[in-house]
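These notes are about the structure you will find just below.
In UniProt numbering, the protein residues as written are 1 to 263.
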């Protein structure tokens with residue numbers, strides 16, 4: 001089972017991931033796509049995420065979860081179009097962690113490296129049940145987090161594709177300008193997407209598991225013990241067949257084709 005929350009439409013790369021894309025053949029209904037529009041914020045995203053992921057876990061009953069924490073959904077990403085704060089992004093990690101299932105967490109996309117570092121630091125703290133201070137301590141990379149040098153960033157803003165040049169210790173750096181961003185994901189749109197996804201999940205009849213197969217009756221036939229047999233009675237063919245040996249091995253028996261050959 002795969003579940004993806006992503007930007008979709010407006011020729012956004014790679015152009016796949018419609019809510020109607022649900023997998024094929026044996027994998028039908030096991031691909032969940034949640035297509036979203038520009039500017040989705042913490043409240044809208046986390047509410048939708050919790051409802052869908054909770055239903056997936058209920059219906060599919062996974063033995064483990066792999067969670068990819070792409071940070072291009074953060075406000076201010078150079079390529080992303082969403083408007084999440086780091087706290088909102090980390091809330092999704094908390095939701096998955098509460099299922100108490102084996103959990104493998106990986107990185108993902110993210111094109112404003114300062115915010116990617118912030119995000120994954122906060123989420124590492126979430127996974128370790130450790131509350132981190134908002135002030136970033138002094139380190140050799142502190143200049144990249146200037147001027148505030150804080151761990152968290154607010155939502156409500158997004159970068160535009162223009163920059164101002166500034167000089168920091170002789171290095172040219174880009175100061176990306178921010179502007180307010182509208183959430184294009186209306187309540188009716190999100191409700192429609194939610195209902196379509198939940199309807200697809202209802203098509204999963206049973207949680208996956210090892211299929212039970214009938215054991216062949218021969219499995220229960222006890223091993224043949226030649227010492228316990230009556231020497232005056234001829235062994236039937238079925239019993240002889242149960243004594244499996246390689247065809248090219250010599251043995252002394254009534255059906256031995258090489259019985260009279262010189263060794």
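Glycine residues also receive a C-beta, built at the ideal position from the N, C-alpha and C atoms. Quantities reported herein were computed from a predicted structural model and do not represent experimental measurements.
DSSP state of residue 64, grouped into three classes?
-> Coil.
Measure the beta-carbon distance from residue 27 to residue 71 and round it to whole angstroms, keeping in mind my assumption that it falls under 8 Å.
-> Taking 8 Å as the upper bound for CB-CB distance, residue 27 and residue 71 are not in contact here, some 28 Å apart.
Indicate whether residue 81 and residue 120 have their beta-carbon atoms separated by less than 8 Å.
-> It is not a contact, given that the beta carbons lie outside the stated cut-off.
Grouping DSSP H, G and I as helix and E and B as strand, with all else coil, what is residue 152?
-> The three-state reading of DSSP puts residue 152 in coil, since its state is none of H, G, I, E or B.
Under 8 Å between the Cβ atoms of residue 42 and residue 85?
-> It is a contact, given that the beta carbons lie within the stated cut-off.
Going by beta carbon distance, what residues of the same chain come within less than 7 Å of residue 131, once the five residues before and after it are set aside?
-> Correct list, in chain order: 125.
Under a three-way DSSP split, which group does residue 115 fall into?
-> Three-state result, residue 115: helix.
Rounded to whole angstroms, how far is the Cβ of residue 99 from the Cβ of residue 57, which I believe are closer than 8 Å?
-> 6 Å between Cβ atoms; contact.
How big is the Cα-Cα spacing for residue 89 and residue 97?
-> Our two residues, residue 89 and residue 97, have alpha carbons roughly 13 Å apart in a direct line.
Excluding the 5 residues preceding and the 5 following residue 46 in the sequence, name in chain order all residues of the same chain whose CB lies nearer than 8 Å to its CB.
-> Non-local beta-carbon contacts of residue 46 in its own chain, meaning distances under 8 Å to residues more than five positions away in sequence, involve 88, 91, 92 and 95 in chain order.
Minimum C-alpha distance to residue 61 - residue among 183, 127 and 1 = Looking at the Cα atoms, 1 is the closest of the given residues.
Taking the DSSP output, what are the residues bridged to residue 32?
-> For residue 32, which the question treats as bridged, DSSP gives the partners 3.
Per DSSP, residue 135 is paired with what?
-> Per the DSSP secondary-structure output, residue 135 pairs in a beta bridge with 150.
For residue 136, is the classification buried or exposed, using 16 other Cβ atoms within 10 angstroms of its Cβ as the cut-off for buried?
-> By the 16-neighbour rule on beta-carbons within 10 angstroms, residue 136 is buried.
Pick helix, strand or coil for residue 184, following the three-state DSSP scheme.
-> Note: residue 184 maps to coil in three-state DSSP.
Would you please verify whether the beta carbon of residue 135 is less than 8 Å from any beta carbon of chain C?
-> You won't find chain C in this structure, because it holds only one protein chain.
Identify, in the order they occur along the chain, each residue of the same chain with its Cβ nearer than 6 Å to the Cβ of residue 38, setting aside the five sequence neighbours on each side.
-> Same-chain partners within the cutoff: 81 and 184.
How would you label residue 200, buried or exposed, when you count the other beta carbons within 10 angstroms and need 16 or more for buried?
-> Counting the other Cβ atoms within 10 Å of the Cβ of residue 200 gives 16 or more, which makes it buried.
Take residue 44 as the anchor and find which of 118, 182 and 203 has the nearest alpha-carbon.
-> Cα-wise, what sits closest to residue 44 is 182.
Between which two residues does the alpha helix (DSSP H) harbouring residue 93 extend?
-> Bounds of the alpha helix (DSSP H) holding residue 93 are 86 to 97.
When 188, 67, 25 and 193 are compared against residue 123, the one with the closest alpha-carbon = Minimum Cα distance to residue 123 is reached at 67.
So, are the CB atoms of residue 34 and residue 52 less than 8 Å apart?
-> Yes, the pair counts as a contact, with Cβ atoms nearer than the cut-off.
For residue 7, does the count of other Cβ atoms within 10 angstroms reach 16, so buried, or fall short, so exposed?
-> In this structure residue 7 is buried. Its beta-carbon is surrounded by 16 or more other beta-carbon atoms within 10 angstroms.
Sort 18, 196 and 190 by Cα distance to residue 40 and report the nearest one.
-> Nearest of 18, 196 and 190 to residue 40, Cα basis: 190.
Determine the closest residue to residue 151 out of 31, 105, 133 and 24, with distance taken between C-alpha atoms.
-> If we check each option's Cα against that of residue 151, 133 comes out closest.
When burial is assigned at 16 or more other CB atoms within 10 Å of the CB, is residue 192 buried or exposed?
-> Exposed.
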